[in-house]
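*Asks:*
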Amino acid sequence: MDRRRIADRVAAQVVSLGGIGVVLAVFFIAFYLIKEAAPLAADPEYGGDPIRIEAPVGLVGGAEKFTDASWRLFEDGRLQLHDLRTGAQLEELEPLGLAEGETVILAELSVDQAQVRFATSAGRIGILSLSFVTSFEGGVANADTRRQAFGELSTFWFVEEAQEAVPVAIDAVLGDAEARTNAWMVAAYADGRVALTRGQPRYNALEDATTWRMRSQEITLDAAPACVVLFERGRFLVTAADQVYGYEPADKFAELTLLGQVAAPGGEVRVAHELIGRGSAIVGTEDGTISRWLLQPVQEQPIAPILLQEYEVRVPGVFAILPSARERVFLARGPEQALVGQGTSGVSLTTFELDADIAWMNIAPREDYLIFARTGGAFEAVPLDLGFPEVTSSALFSKLTYEGLPEPAYTWQSTGGSDEYEPKISLVPLIIGTIKGTIWALLPSIPLAVAGALYCARFLRGRSRETIKPFVELLAGIPSVILGFVGGLYLAPALQDRLLALFLLPLVLAVATMGLGAFWARMPLRRRKTLHEGTAVFALVPLYLVLGAIVLWLSPSIELAIFDASFSRWAVAYFDIPYEQKNAVVVGLAMGFAVTPLIFTLAEDAYRNVPQTLADASLALGATPWQTALRVIEPPARPGVIAAIMLGLGRAVGETMIVLMATGGTAITDWNPLQGFRALSANLATELPEAPKGDSLYRTLFLSSLLLFSLTFVINTLAEVIRVRGRKDL
Amino acid sequence: MTESVVTDVPSDTRSQPTTELGRIAADSASRRSKLELSEMVIRSEKLNFFYDQTAQALFEVDINVPRGQVVAFIGPSGCGKSTFLRTINRMNDTIPGTRVEGMVQLDDQDIYSPDVDVVELRRRVGMVFQRPNPFPMSIYDNIAFGPRLHTKMTKAQTDELVERCLRGAALWDETHDRLKSSALALSGGQQQRLCIARALANDPEVLLLDEPCSALDPNSTAKIEDLIFELRGSYTIVIVTHNMQQAARVSDRTAFFLKGKLIEEGNTTEIFTRPKHKETESYITGRFG
Ligand SMILES: Nc1ncnc2c1ncn2[C@@H]1O[C@H](COP(=O)(O)OP(=O)(O)O)[C@@H](O)[C@H]1O
Ligand SMILES: [Mg+2]
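Keeping their order, the protein sequence lines are chains X and H.
This note's numbering applies: residue 1 is where the first sequence begins, and numbers increase by one.
This note's numbering applies: residue 1001 is where the second sequence begins, and numbers increase by one.
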């Protein structure tokens, strides 16, 4: 007796401990997901102990990527490097080789902060490429022993000969001899001239050297140009007064064609600068309006300058745009304050006040400092943490116009070929993919599973009923990887060949079923008695098999005869819908094997749990078995059946392997069932292992997993609530 | 209204139950109006019933049930009372593998003939089960369930019918103010009367009651018995009961089953005072059962 009590106690403890454990595990998972995703919401932080040294200011300058040393370029062409820890000058060079009396009058840092494009008082224009060599003192590699020095410095001249005129604005980009890409430079002059120079690489194999063939084209604007920004392939924006013009070199560089002319918001353009990748430009105007521009075809319009968005926050007196070297983030600088803006989603991230004595400033290459040069001769690096500026709610959930894409879209394409790639992190196509996969999995499954469950629980008799259920449950145990690859490798091509059969089969089988039913009803009662009520359905099995075989066998001939050999190709042409081999229908069919048995067994339990006494009462009142099923069995079983469907839904939403293997995985927002999709779950499976820990993609993926987790959690909880509620009513 | 106290047979009266039960039977018979023993509503001939090939539950049962009377089936558990009852509305059809031989007639029509509409048969033969089994719906919908299966009715017609049936089952006074609330909220006795009302809604000729009071308390049992008394004449009632006193109180005729056979059938007062068969006597005197 005592022993049993102890055993009971222990068992109860173990069970409740297990329950608590499960709850804790769920909480832990949720906590972990939130913890990893939460930094996305953090505000930018700025401030803290600055690194500060005394050093001459120069025209332009910055820090190398470790922020160990600071460099500056002076008017007279000198380039200095100072150690940021000791303040000592490390090097001083004269890389430009300017003539006597020639000075640098224009100098602008490239986005990656590895180049300075400059113009001299002699009208010469070039690009100075910087590089740094890192070494470690004493053979120990750590931050304290790290030393920086200039590496190879080279100057690429677009205009090497002295000129009459001196440009007011330039933009230039280096070419790549190996990749055979051209160098481009655009210069604007006070007299209205705008000149585009192209440098074409010519490799001389004998001398193993590259020469650059320079050609120029010019146009003259009515007003004095102010700013220029180069885009791809020599296209450029030039501004004059409040107008923004777009040009492109045409006819094999025979002329410059005007692509379009658009008025900038907020008056005269004061400043314009490209963002990383040269796919878009930030423009600041007279009244402080900051706007983002593209030079690309949008919505079937020809290439033209496009005012994409204006930033909410204005920067009065804006006179410099300082882009980040890492992502589409920039600093718009006015005399008193600066705005940090995000490119892709057009969000004003933060603003901060600036001291009056700042000569120049920029964002450090790693975005970890703001770098200031003070007119008094000081250099400062103030710690900066922008957080994850690319991950904004509009980037996640809104339709955006991306660089190089023809129209605004919800796009998920998190990584591209280069570091300059604009990440597209809209979760919308993934959510749509998940919903689409779920719908196409549940659409055939729900009626099949629920009707089958009702039939099995309430119409089938004796042994057949006891055998069917375990068999269906066996189906539920098939690993989803297997369903996935059978779907992807077998079903997808098979379906493409026999798409017509997919449309015909349900039709033919439905007609056959109803036909047989009608025939059965007409049969004399005596005949019908030979088969027990509920067993007649097995007569359908051979019929289905035979009809199925006939349809599958005939459909290629029909396709050949009517649909030009291939129904799928015909349908694509006729309805003008794209067809993808691994499409949502394939997923629906494959996932059906996972979801249908789940819904079936649970729904069957629900139907079977309705007491037989109720069915007896109904039958005794003269109800037919069908009336009994629909009016007496179904209502009390409904909560259980809904719960079963919800659990099936939860399974379909979270299902990963099948959607991963049986779809093409393209993140589209199209509901067309003959195209694939990318679901949240499959996206996590493909991208999370590749995502660098802690970066914005990694955290965005965690955010999407949190979404998926809450979705399935809510669905499953709801299912359980419905089921428990329903049980109370019975 | 009967005044009899409804209790189980006290053990000390077991020595002379025949006379006691006979007295009750005669007493209740005297209160009932005389009914013509005119026509037979239910008639079975050589009825054999099999649950499967080997398990025969009824053997050669011949019985006649006269219209408007109350017939009580008594006999020990497992003797086939329910089985026989369920052959009358073909509820046994719902059990797979069963087989019927012989004949059961309802109003001179063989109910097992192939062209009988089972739905219509069950409308004409209402049944109330041992455990109250109202549907998990409102009281109103429970009553309207049967008629709605067979005909389209207007709201007014349904309202009228529900009231009539509830009054018929002596449940109106207790439920008229909560017709739309769940039938499951009623007490066991009320639920069973609701089941009777539900059966009445189909306007049946025959009511089959399979131990309708075995799950009820004495008070509720008394109410059901009163109800049977009221319904007598309008409906032919077949009631299975284990309670001898109940059989004696409510029935005009009594049939005694044993091991699937009908041993004896006749006027209730006579069965309880002068049973012809030894088995009957031993059963009603409580020697076995
Ligand atoms: N569904 C069934 N399947 C097989 N045998 C049954 C079934 N129902 C009852 N029986 C058997 O038939 C016999 C008569 O049962 P039943 O009519 O319920 O007895 P009673 O109602 O008189 O107590 C019993 O032996 C019982 O075991
Ligand atoms: Mg019984």
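Glycine is no exception: its CB is placed at the ideal position from the N, C-alpha and C atoms.
Check the Cβ of methionine 1091(H) against every Cβ in chain X and list those closer than 9 Å, keeping chain order.
*Replies:* Asp616, Leu619, Ala620
*Asks:* Does chain H have any CB closer than 7 Å to the CB of glutamine 627(X)?
*Replies:* Chain H contact via Cβ: present.
*Asks:* Does any residue of chain X have a CB that is nearer than 7 Å to the CB of glycine 1146(H)?
*Replies:* yes
*Asks:* Between leucine 1262(H) and chain X, is any beta-carbon pair separated by less than 7 Å?
*Replies:* no
*Asks:* Measure the CB-CB distance between proline 389(X) and glutamine 342(X) and report whether it falls below 7 Å.
*Replies:* Yes.
*Asks:* Between the Cα of alanine 584(X) and the Cα atoms of Cys227(X), Ile668(X), Ile599(X), Thr624(X), which residue gives the shortest distance?
*Replies:* When only C-alpha atoms are compared, the closest one is Ile668(X).
*Asks:* Can you tell me which of Leu24(X), Pro423(X), Ala644(X), Val26(X) puts its alpha carbon nearest to the alpha carbon of threonine 596(X)?
*Replies:* Ala644(X)
*Asks:* What does alanine 623(X) touch in chain H if you count any residue whose Cβ is under 7 Å from its own?
*Replies:* Leu1149
*Asks:* With a threshold of 8 Å, are at least 3 pairs of Cβ atoms found where one atom belongs to the region 1243 to 1262 of chain H and the other to the region 1045 to 1061 of chain H?
*Replies:* yes
*Asks:* Relative to the alpha-carbon of glutamine 163(X), which residue among Pro297(X), Pro611(X), Arg124(X) has its alpha-carbon at the smallest distance?
*Replies:* When C-alpha distances from glutamine 163(X) are compared across Pro297(X), Pro611(X), Arg124(X), the shortest belongs to Arg124(X).
*Asks:* Mapping DSSP to helix, strand and coil, what is tryptophan 440(X)?
*Replies:* Annotated three-state conformation of tryptophan 440(X) is helix, per DSSP.
*Asks:* Assuming arginine 52(X) and alanine 378(X) are in contact, meaning their beta carbons sit under 8 Å apart, how far apart are those beta carbons, in whole angstroms?
*Replies:* With a Cβ gap of about 6 Å, arginine 52(X) and alanine 378(X) count as contacting.
*Asks:* What beta strand (DSSP E) runs, 3 residues minimum, are completely inside the region 161 to 190 of chain X?
*Replies:* 167 to 173, 183 to 189
*Asks:* Which residues of the region 1065 to 1097 of chain H have a Cβ closer than 7 Å to any Cβ of chain X? Give them in chain order.
*Replies:* Against chain X - using a Cβ distance shorter than 7 Å - the residues of the region 1065 to 1097 of chain H are Asn1089, Met1091, Thr1094, Pro1096.
*Asks:* With DSSP as the reference, please indicate the residues paired to methionine 1103(H) in a beta bridge.
*Replies:* Glu1045(H)
*Asks:* Specify the secondary structure class of histidine 273(X) as computed by DSSP and reduced to three states.
*Replies:* Residue state, collapsed to three classes: strand.
*Asks:* Quick one: is glutamine 89(X) buried, meaning 16 or more other Cβ sit within 10 Å of its Cβ, or exposed?
*Replies:* exposed
*Asks:* Please classify leucine 258(X) as buried or exposed, where buried requires at least 16 other C-beta atoms within 10 Å of its C-beta.
*Replies:* Burial call: exposed.
*Asks:* What residue range is occupied by the uninterrupted beta strand (DSSP E) comprising serine 135(X)?
*Replies:* 132 to 136
*Asks:* Does the Cβ of serine 1214(H) lie closer than 6 Å to at least one heavy atom of ligand 2?
*Replies:* With a cut-off of 6 Å, the C-beta of serine 1214(H) is classified as distant from ligand 2, since no heavy atom of the ligand falls inside that distance.
*Asks:* Against arginine 458(X), what residues of chain H qualify as contacts under a CB-to-CB distance less than 7 Å, listed in chain order?
*Replies:* Per Cβ cutoff of 7 Å: no residues; arginine 458(X) is ~11 Å from chain H at best.
*Asks:* To the nearest angstrom, report how far apart leucine 733(X) and leucine 552(X) are at their CA atoms.
*Replies:* Outside the modelled stretch of chain X, which goes from 1 to 730, sits residue 733(X), for which no answer is possible.
*Asks:* Does methionine 1040(H) have its Cβ less than 7 Å from a Cβ in chain X?
*Replies:* no
*Asks:* Is it the case that the CB of tyrosine 1112(H) approaches a heavy atom of ligand 1 more closely than 6 Å?
*Replies:* no
*Asks:* Which residues share a DSSP beta bridge with isoleucine 425(X)?
*Replies:* Trp412(X)
*Asks:* DSSP beta-bridge partners for tyrosine 203(X)?
*Replies:* Thr210(X)
*Asks:* With a threshold of 8 Å on Cβ separation, who are the neighbours of aspartate 1062(H) within its own chain once the five nearest residues in sequence on each side are excluded?
*Replies:* Ser1044, Glu1045, Lys1046, Leu1047, Leu1262
*Asks:* Relative to the alpha-carbon of glutamate 1265(H), which residue among Leu1207(H), Lys1081(H), Ser1033(H) has its alpha-carbon at the smallest distance?
*Replies:* Lys1081(H)
*Asks:* Who are the near neighbours of alanine 99(X) in its chain, counting only those whose CB is closer than 8 Å to its CB and skipping five residues on each side?
*Replies:* For alanine 99(X), where only same-chain residues beyond five positions count, the Cβ hits under 8 Å are Ala122, Ala162.
*Asks:* Pick out whichever of Phe132(X), Thr181(X), Pro611(X) has its Cα sitting closest to the Cα of aspartate 740(X).
*Replies:* Only positions 1 to 730 of chain X appear in the structure, and residue 740(X) is not among them; the question remains open.
*Asks:* For the beta strand (DSSP E) that arginine 247(X) lies in, which residues bound it at each end?
*Replies:* In the sequence as displayed, the identity of residue 247(X) is tyrosine instead of arginine. First-last of the beta strand (DSSP E) with tyrosine 247(X): 243 to 250.
*Asks:* Round the Cβ separation of isoleucine 1228(H) and isoleucine 1237(H) to the nearest angstrom and send it over; I've been treating them as touching at under 8 Å.
*Replies:* 6 Å
*Asks:* Please report the distance separating the alpha-carbon of threonine 1007(H) from that of histidine 1242(H).
*Replies:* Summary for threonine 1007(H): the model assigns pLDDT 38, below 50, so the residue's position carries little reliability, and this model does not support an answer.
*Asks:* Closer than 8 Å, Cβ to Cβ, to anything on chain X: give me those residues from the region 1178 to 1207 of chain H, in chain order.
*Replies:* Cys1195, Arg1198, Ala1199, Asn1202
*Asks:* Cβ atoms of alanine 457(X) and glutamate 604(X): under 7 Å apart, would you say?
*Replies:* yes
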